[in-house]
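Engineer: Residue numbers (my numbering): -18 to 112. Think of the CB as a built atom: it goes at the ideal place given N, C-alpha and C, for glycine as much as any other residue. Just passing along the structure, written as structure tokens.
Structure below.
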């Protein structure tokens, strides 16, 4: 009699995926000169963004969702920008009296985010009045 236990195989797959994500995070952190915590935020955010993009492609909503995915991609990069600019602190912390490079300032991040999401929808609205 054979007693197969599928939970052992699922646990093996889960551990293999976790090790793979850990190695990917370590390599991305090393390539982009990020600490482990920032690398985890960026890699997990990118994995979620890519997963949402794949789902939107297969469900046929990519033409509607791509500006939001672009904005999400930009938002995921914010921890890396903060780390490079300020040594790991958040650029939204207004109480710290420190010079932040222009490309890591909160208003630049917010402006680019609004542009990435708003401009494609505006172009689509101008091109098609029935949008």
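How about residue 19 and residue 60: are their beta carbons less than 8 Å apart?
Structural biologist: yes
Engineer: Alpha carbon to alpha carbon, how far is residue 86 from residue 46? Give it in angstroms, no decimals.
Structural biologist: 27 Å
Engineer: Is it buried or exposed for residue 90, if we count other Cβ within 10 angstroms and need 16 for buried?
Structural biologist: buried
Engineer: Is it the case that the Cβ atoms of residue 98 and residue 52 are separated by a distance below 8 Å?
Structural biologist: yes
Engineer: Please report the Cβ distance between residue 33 and residue 5, rounded to the nearest whole angstrom; I am assuming they are in contact, meaning their Cβ atoms lie under 8 Å.
Structural biologist: Not a contact, Cβ separation roughly 18 Å.
Engineer: Roughly how many angstroms lie between the CA atoms of residue 57 and residue 31, to the nearest whole one?
Structural biologist: 11 Å
Engineer: Around the C-beta of residue 62, are 16 or more other C-beta atoms found within 10 angstroms, so that it is buried, or is it exposed?
Structural biologist: buried
Engineer: Identify, in the order they occur along the chain, each residue of the same chain with its Cβ nearer than 7 Å to the Cβ of residue 113, setting aside the five sequence neighbours on each side.
Structural biologist: Nothing can be reported for residue 113: it is not among the residues displayed for the chain, which extend from -18 to 112.
Engineer: What's the gap between the Cα of residue 93 and the Cα of residue -12?
Structural biologist: C-alpha separation (whole angstroms): 45 Å.
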